[in-house]
Ligand SMILES: *Cc1c(COP(=O)(O)O)cnc(C)c1O
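Residue numbers (my numbering): 16 to 493.
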């Protein structure tokens, strides 16, 4: 009997080439498309909701249906006018690399199963270790699905190393600007609310050092066990980097684990300006970096780096009898011993192939360009009587709001106005530009990590914002 999934060689090629054509056309034409999609559950149900079919459908028919209905009903995170959250600029080489990894269905869990996959993970992690001035021989790491899983893996390791099995008195410190995935990870690990200390930030959105020191001292006096500080190297809101050297000093003095969440921002180490801002990052015990953000990789690839690889293996090794035949020698790493997953897709391949193909200089150039673009955007906004900067361009993120000098708006009106500008821009679908809240002010946030974004994309969007702002003020008769 032929497999029920059998296709002829010709059928497979014709189907595969069609998909490559669709992807390439999308790359070449995405700019003509609108980056934003809005659809309700009801609308989506009306297109897609069906029972699983018992009988076959023609392959092209299914593919065409997907091309017509699925692909256009998602935001385009690679679009040059996709400014919100942290966009995913991606790149074509890695896209194809992912197809190869999936095509061969390579299992990236154990050395014996796929030595080359494990080796490429080791090699590319070494590139990252070197980039961040971590020790290459002693240090180590693992690729994860994203930053959230990297943070969870880091905090699990931190707790294991610093607290062993008893973490009843353990306390962990992070700032009010730390990414929500850290809190999620801490909750997953079973810490109680009173074991999590959220420290306020200062006017620049950095860890307030004085408040942190006071809190640690008080917890020690009360007999608790401070064990970990989570710093941000590029907060999601403002791109702010915490005072890494000062935090590292405290961690050294108090014997705390130093975790740095650099999911989006750490990549800036490849630029001159970024490496200055990130000074001290090499002092972390563990560092989260998300290649699917500012290393231009397609989803999913996150990464955790640690100073000492044995911390990971001591935390995550379990030795069940069914895995005993694939235990190799120690230098032959089984990545299932370094993290939570056993079966893992081959994430290292896209990172490897894109860096080999384009060269690190291309990445340096792109990241430097992004940082400069945000600086230029800041200059333009500062010259206008209508805009004010709320948080200056930092690691390619900038926050600003429309607040014309001659209108004398109340705080509440400015908040409403900026919310309304963002809503109208998103409704127009021309740009993906949403707000955030900083020090109780509603502000518009732009994250400019896409190398395809030009200054004109930015100024066109700002012009559009101004048109909507004037429209709203007219409606308010202001
Ligand atoms: C995006 C982000 C995360 C979460 O990463 P995912 O890849 O979305 O899971 C964590 N921390 C920071 C600072 C981020 O920007």
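For every residue, glycine included, the Cβ atom is placed at its ideal position computed from N, Cα and C.
Just checking residue i against ligand 1 - is the residue's beta carbon closer than 8 Å to any of the ligand's heavy atoms?
| i | result |
| --- | --- |
| residue 84 | no |
| residue 305 | yes |
| residue 101 | yes |
| residue 279 | yes |
| residue 194 | yes |
| residue 461 | no |
| residue 250 | yes |
| residue 123 | no |
| residue 162 | yes |
| residue 260 | no |
| residue 465 | no |
| residue 113 | no |
| residue 276 | yes |
| residue 221 | no |
| residue 421 | no |
| residue 406 | no |
| residue 317 | yes |
| residue 109 | no |
| residue 92 | no |
How many Å lie between residue i and residue j at the Cα?
| i | j | result |
| --- | --- | --- |
| residue 168 | residue 257 | 21 Å |
| residue 422 | residue 206 | 49 Å |
| residue 60 | residue 227 | 49 Å |
| residue 223 | residue 469 | 36 Å |
| residue 58 | residue 85 | 12 Å |
| residue 377 | residue 384 | 10 Å |
| residue 129 | residue 115 | 14 Å |
| residue 462 | residue 41 | 22 Å |
| residue 238 | residue 251 | 34 Å |
| residue 389 | residue 267 | 35 Å |
| residue 153 | residue 180 | 25 Å |
| residue 464 | residue 458 | 19 Å |
| residue 440 | residue 419 | 19 Å |
| residue 171 | residue 156 | 14 Å |
| residue 65 | residue 76 | 16 Å |
| residue 477 | residue 436 | 10 Å |
Any idea what DSSP makes of residue i, helix, strand or coil?
| i | result |
| --- | --- |
| residue 107 | helix |
| residue 167 | helix |
| residue 121 | coil |
| residue 193 | coil |
| residue 299 | coil |
| residue 406 | strand |
| residue 155 | strand |
| residue 131 | helix |
| residue 472 | helix |
| residue 71 | coil |
| residue 240 | strand |
| residue 279 | coil |
| residue 256 | strand |
| residue 384 | helix |
| residue 138 | helix |
| residue 51 | coil |
For residue i, which residues does DSSP report across the bridge?
| i | result |
| --- | --- |
| residue 461 | 413 |
| residue 209 | DSSP, once it has assigned bridges, lists no residue as partnering residue 209. |
| residue 42 | DSSP, once it has assigned bridges, lists no residue as partnering residue 42. |
| residue 453 | 456 |
| residue 216 | 222 |
| residue 273 | 244 |
| residue 318 | 158, 304 |
| residue 185 | 240 |
| residue 97 | 447 |
- request: Specify whether the region 284 to 294 and the region 449 to 458 touch according to this definition: at least 3 beta carbon pairs, one from each stretch, less than 8 Å apart.
  value: no
message: Any contact between the region 190 to 204 and the region 160 to 177? By contact I mean 3 or more CB pairs, one from each, below 8 Å.
response: yes
Segment contact flag, the region 241 to 261 with the region 175 to 188, C-beta cutoff 8 Å, min 3 pairs: yes
Given 8 Å, three or more beta-carbon pairs between the region 392 to 412 and the region 473 to 491: yes
- prompt: Do the region 268 to 276 and the region 335 to 348 meet, that is, are 3 or more Cβ pairs less than 8 Å apart?
  reply: no
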